[in-house]
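Student:
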Amino acid sequence: MGGMNWPAVRAIYRFEMSRFWRTAGQSILAPVISTTLYFVVFGAAIGSRVSAVDGVPYGLFIVPGLIMLSLLTQSIANASFGIYFPRFAGTIYEILSAPISPLEVVLGFVGAAASKSILIGLIILATSALFVPLRIDHPLWMLGFLLLTATTFSLFGFVIGLWADGFEKLQLVPLLVVTPLTFLGGSFYSVSMLPPFWHTLSLANPVVYLISGFRWAFFGTADVGIGVSLAMTGLFLVICLGLVTYIFRTGYRLKS
Amino acid sequence: MPIISIANLSKTYASGFSALKGVSLSIERGEIFALLGPNGAGKSTLINIVCGIVTPSGGRVTVDGHDIAGDYRAARKAIGLVPQELTTDAFETVWNTVSFSRGLFGLKPDPGHIERVLRSLSLWDKRSSRLMTLSGGMKRRVLIAKALSHEPRVLFLDEPTAGVDVELRQDMWQLVRDLRGQGVTVILTTHYIEEAEEMADRIGVIRGGEIILVEEKAALMNQLGRKRLILQMQAPLETIPASLDRFGLALAGEGRELVYTYDTKAERTGITGLLTALAEAGIRFSDLRTEQSSLEDIFVGLVRGEAA
Chain U
1 MGGMNWPAVR AIYRFEMSRF WRTAGQSILA PVISTTLYFV VFGAAIGSRV
51 SAVDGVPYGL FIVPGLIMLS LLTQSIANAS FGIYFPRFAG TIYEILSAPI
101 SPLEVVLGFV GAAASKSILI GLIILATSAL FVPLRIDHPL WMLGFLLLTA
151 TTFSLFGFVI GLWADGFEKL QLVPLLVVTP LTFLGGSFYS VSMLPPFWHT
201 LSLANPVVYL ISGFRWAFFG TADVGIGVSL AMTGLFLVIC LGLVTYIFRT
251 GYRLKS
Chain G
1 MPIISIANLS KTYASGFSAL KGVSLSIERG EIFALLGPNG AGKSTLINIV
51 CGIVTPSGGR VTVDGHDIAG DYRAARKAIG LVPQELTTDA FETVWNTVSF
101 SRGLFGLKPD PGHIERVLRS LSLWDKRSSR LMTLSGGMKR RVLIAKALSH
151 EPRVLFLDEP TAGVDVELRQ DMWQLVRDLR GQGVTVILTT HYIEEAEEMA
201 DRIGVIRGGE IILVEEKAAL MNQLGRKRLI LQMQAPLETI PASLDRFGLA
251 LAGEGRELVY TYDTKAERTG ITGLLTALAE AGIRFSDLRT EQSSLEDIFV
301 GLVRGEAA
């Protein structure tokens with residue numbers, strides 16, 4: 001079999017990233033504008049009337065949630081579009097006929113999608129610094145969570161991009177599942193602020209663990225333990241890996 | 001050892017449609033092989049299986065000795081594919097998309113090689129153009145450049161001249177000849193007889209998922225040298241007199257026509273002898289005409305299931 005086909009991984013990665021840079025204006029400006037809007041609405045307008053959460057001023061408290069919100073949606077959007085578009089346009093023939101293993105295809109596409117969303121996450125972090133004095137207690141953990149979440153949800157997006165057989169389906173899962181889960185997962189509040197019933201229900205939402213872990217990296221406080229957060233994110237990563245492996249084994253939606 | 005060897009290959013799609021029914025075929029190293037057949041005969045399915053785009057239901061394929069399933073990396077590295085559809089990344093430039101293809105096939109960047117390929121396809125001036133700004137013919141050239149970017153030993157051209165203007169067709173034929181000169185094996189599918197006639201060393205005909213004929217083009221062309229002389233009888237003949245046996249005549253049209261087949265390239269056609277013998281036998285004819293079968297006739301006869 002020989003070693004890995006690294007030139008192919010690099011080719012796919014660079015090809016995907018070039019799309020990002022080609023539309024750099026939109027890619028970078030959009031998250032900056034939306035972050036600014038969130039800060040104007042939640043930070044300045046509403047935040048001034050909300051008391052500090054766990055000793056963290058509300059404007060600062062929403063920073064991890066804001067980054068997670070974009071990280072999740074961007075990872076899914078980038079990865080699903082990245083693999084769906086060649087399928088839609090027909091250019092996938094070249095990837096199917098090239099001497100590439102499924103692992104290399106995933107590395108190229110998911111690696112690029114995760115890189116893009118991490119970049120956007122860092123841009124949002126930098127934009128936040130313009131509005132609130134940033135505080136990051138565990139910077140390495142913060143980067144670790146950023147990487148893990150971006151990878152996991154890019155894989156998830158890749159699965160959606162393989163499954164979708166139309167542009168509507170491409171939007172369906174992010175719109176109906178991911179956005180609600182993110183908003184209800186404590187992006188803008190701590191789930192411990194909820195009444196007991198809703199608090200318990202929230203623990204079934206996987207995004208709660210992502211945001212909680214990420215917030216812990218910033219402020220050292222969390223809704224659930226950091227270990228549980230890591231374990232849940234890891235579990236989701238494994239599930240996505242399993243799905244991708246299954247898809248390539250069977251050639252589902254890729255080959256007839 | 002043939003460069004491609006296909007044994008008992010079959011493909012049944014999920015819809016139940018059986019596109020290939022036990023195809024066996026050997027492609028010799030360095031030849032130009034034309035696969036002829038009507039739409040839906042299985043040409044593209046056959047190519048797509050060899051290239052790894054479609055999974056076969058049964059059978060075995062090796063490319064340069066490498067199994068396409070067990071040793072897919074080595075098998076696919078040897079192959080360049082130009083698909084039938086003009087599928088390109090609209091926003092990429094010519095240079096980037098061709099370089100991308102080379103990378104996919106595991107090779108280090110080689111600007112010199114990409115330049116040679118682009119120049120040979122008259123794409124050099126367009127290297128910085130985005131693909132969506134190119135005409136259909138130019139896009140076809142880009143697809144060929146992508147297929148040649150990794151220096152394949154086998155090139156598949158699936159309907160290369162469908163919807164292509166005369167100039168590009170001539171260029172394409174020249175390119176294929178140049179490639180053969182470099183030792184590249186070329187397999188092309190087409191439904192233009194003219195194309196097969198112009199370029200191929202061997203011709204295979206596929207119909208309904210089965211290969212029904214594989215022949216040296218020269219042998220097929222020999223059949224083209226044969227002509228038929230058809231004599232219209234004044235009165236219908238029941239049998240052909242024994243004195244005419246040596247001419248190998250056949251009766252047609254309920255005895256109203258006498259058919260004589262002869263070789264135009266032979267030194268003597270035997271026509272004069274036949275006419276003399278007919279007069280001696282007292283057989284009178286009212287009219288005569290000659291017919292020549294073309295490769296197209298042979299092909300049409302084959303795909304309709306008649307004997308050639």
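Top line first, the protein sequences correspond to chains U and G.
Position 193 of the first sequence, counted from 1, bears residue number 193 in full-length UniProt numbering, the numbering being contiguous throughout.
Position 192 of the second sequence, counted from 1, bears residue number 192 in full-length UniProt numbering, the numbering being contiguous throughout.
Glycine residues also receive a C-beta, built at the ideal position from the N, C-alpha and C atoms.
Just so you know, these numbers come straight off a predicted model, no measurement behind them.
#1: Tell me the DSSP secondary structure of residue 93 of chain G in three-state form.
#2: In chain order, what residues of the same chain have a beta carbon less than 7 Å from the beta carbon of residue 1 of chain U, not counting five sequence neighbours either side?
#3: Report the neighbours of residue 8 of chain U on chain G: residues whose CB is nearer than 8 Å to its CB, in chain order.
#4: Measuring only the C-alpha atoms, how far is residue 89 of chain G from residue 22 of chain U?
#5: Which stretch, first to last residue, makes up the alpha helix (DSSP H) that contains residue 158 of chain G?
#6: Which residue wins for smallest C-alpha separation from residue 62 of chain U, given the options U/107, U/119, U/38, U/154?
#7: Verify the CB distance criterion: does residue 129 of chain U have a CB-CB separation below 7 Å to chain G?
#8: Let me make sure I understand the geometry here. Which of G/32, G/63, G/246, G/212 has the alpha-carbon closest to that of residue 21 of chain G?
#9: Quick check: the Cα distance between residue 11 of chain U and residue 300 of chain G, rounded to an integer number of angstroms?
#10: For residue 198 of chain G, which residues from the same chain have a beta carbon less than 7 Å from its beta carbon, with the 5 sequence-adjacent residues on both sides left out?
#11: Nearest by alpha-carbon distance to residue 113 of chain U: which of U/127, U/77, U/96 is it?
#12: Would you please verify whether the beta carbon of residue 52 of chain G is less than 7 Å from any beta carbon of chain U?
#13: Would you tell me roughly how many angstroms separate the C-alpha atoms of residue 182 of chain G and residue 119 of chain G, rounded to the nearest one?
#14: Does any residue of chain U bring its CB to less than 7 Å from the CB of residue 17 of chain G?
#15: Name, please, each residue of chain U whose Cβ falls closer than 7 Å to the Cβ of residue 85 of chain G.
#16: In the structure shown, what three-state DSSP assignment does residue 7 of chain G receive?
#17: According to DSSP, simplified to helix, strand and coil, what is residue 20 of chain U?
#18: Buried or exposed: which applies to residue 79 of chain U, given that a residue is buried once 16 or more other Cβ atoms fall within 10 Å of its Cβ?
#19: With a threshold of 16 other CB atoms inside 10 Å of the CB of residue 74 of chain U, please say whether the residue is buried or exposed.
#20: Do you know how far the Cα of residue 31 of chain U is from the Cα of residue 224 of chain U?
#21: Could you name the residues of chain U that residue 76 of chain G contacts, counting a contact when the two beta carbons are closer than 8 Å?
#22: With a Cβ-Cβ cutoff of 7 Å, do residue 208 of chain U and residue 185 of chain U count as a contact?
#23: How is residue 79 of chain G classed by DSSP in three states: helix, strand or coil?
#24: What number of angstroms, rounded off, separates the C-alpha of residue 3 of chain U from the C-alpha of residue 107 of chain G?
#25: Report the start-end ranges of each beta strand (DSSP E) in the stretch 197-257 of chain G that is 3 residues or longer and not cut off at the edges.
#26: Below 8 Å on C-beta distance, what does residue 87 of chain U contact in chain G?
#27: Among G/280, G/208, G/217, whose alpha-carbon lies nearest the alpha-carbon of residue 242 of chain G?
#28: Compare the C-alpha of residue 49 of chain G against each of G/252, G/180, G/156, G/121 and name the closest.
#29: Please determine, among U/218, U/237, U/188, U/247, the residue with the shortest C-alpha to C-alpha distance to residue 66 of chain U.
#30: Determine the burial state of residue 217 of chain G: buried for a count of at least 16 other Cβ atoms within 10 Å of its Cβ, exposed for fewer.
#31: Looking only at its chain, what residues have a beta carbon closer than 8 Å to the beta carbon of residue 302 of chain G, apart from the 5 residues adjacent to it on each side?
#32: For residue 13 of chain G, count neighbouring Cβ atoms within 10 angstroms of its own Cβ and tell me buried if that reaches 16, exposed if not.
#33: Taking only three categories from DSSP, how would you classify residue 125 of chain G?
#34: In chain order, what residues of the stretch 270-287 of chain G put their CB closer than 7 Å to some CB of chain U?
#35: Any beta carbon of chain U sitting closer than 7 Å to that of residue 81 of chain G?
Tutor: According to the structure shown:
#1: If DSSP states are grouped into helix, strand and coil, residue 93 of chain G belongs with the strands.
#2: Legend: pLDDT at residue 1 of chain U = 43, less than 50; position of this residue unreliable, value from coordinates given subsequently. The answer is none, since no qualifying residue turns up.
#3: From the beta-carbon of residue 8 of chain U, the residues of chain G found nearer than 8 Å are 103, 104, 105, 106.
#4: Going by the C-alpha atoms only, they are around 13 Å apart.
#5: Note, residue 158 of chain G: premise wrong, no alpha helix (DSSP H); beta strand (DSSP E) at 154-158.
#6: Considering only alpha carbons, the answer is U/38.
#7: Not one chain G Cβ lies under 7 Å of residue 129 of chain U.
#8: Nearest of G/32, G/63, G/246, G/212 to residue 21 of chain G, Cα basis: G/212.
#9: Just so you know, the alpha carbons of residue 11 of chain U and residue 300 of chain G end up roughly 46 Å apart.
#10: If you ignore the 5 residues before and after residue 198 of chain G, its C-beta comes within less than 7 Å of the C-beta of 173, all in its own chain and listed in chain order.
#11: Closest by C-alpha distance to residue 113 of chain U, out of U/127, U/77, U/96, is U/77.
#12: Closer than 7 Å: yes.
#13: One Cα belongs to residue 182 of chain G, the other to residue 119 of chain G, and the distance between them is close to 17 Å.
#14: Proximity of residue 17 of chain G to chain U, defined by a Cβ-Cβ separation below 7 Å, is not satisfied.
#15: Those are 90, listed as they occur along chain U.
#16: Note: residue 7 of chain G maps to strand in three-state DSSP.
#17: Residue state, collapsed to three classes: helix.
#18: Counting C-beta atoms within 10 angstroms of its own C-beta, residue 79 of chain U has 16 or more neighbours from the protein chains shown and is therefore classed as buried.
#19: In the assembly as shown, residue 74 of chain U is a buried residue. Its beta-carbon has 16 or more other beta-carbons within 10 Å.
#20: So the two alpha carbons sit approximately 28 Å from each other.
#21: Within 8 Å Cβ-Cβ: 97, 98, 99.
#22: Their beta carbons are under 7 Å apart, which means residue 208 of chain U touches residue 185 of chain U by this criterion.
#23: Judged by DSSP in its simplified three-state form, residue 79 of chain G adopts strand.
#24: Each residue's alpha carbon lies about 13 Å from the other.
#25: Taking only runs of at least 3 residues, the beta strand (DSSP E) segments lying wholly in the stretch 197-257 of chain G are 202-207, 210-216, 226-233, 250-252.
#26: Chain G residues near residue 87 of chain U: none, gap ~11 Å exceeds 8 Å.
#27: Selected option, being the one with the closest Cα: G/280.
#28: When each option's Cα is compared against that of residue 49 of chain G, the closest is G/156.
#29: Of all alpha-carbon atoms in U/218, U/237, U/188, U/247, the one lying nearest the alpha-carbon of residue 66 of chain U is that of U/188.
#30: With 16 or more Cβ atoms within 10 Å of its Cβ, residue 217 of chain G is classed as buried.
#31: Excluding sequence neighbours, residue 302 of chain G sits near 205, 207, 212, 213, 308.
#32: Classification for residue 13 of chain G: exposed.
#33: If DSSP states are grouped into helix, strand and coil, residue 125 of chain G belongs with the helices.
#34: Against chain U - using a Cβ distance shorter than 7 Å - the stretch 270-287 of chain G contributes no residues.
#35: With 7 Å as the cut-off, residue 81 of chain G counts as an interface residue toward chain U.
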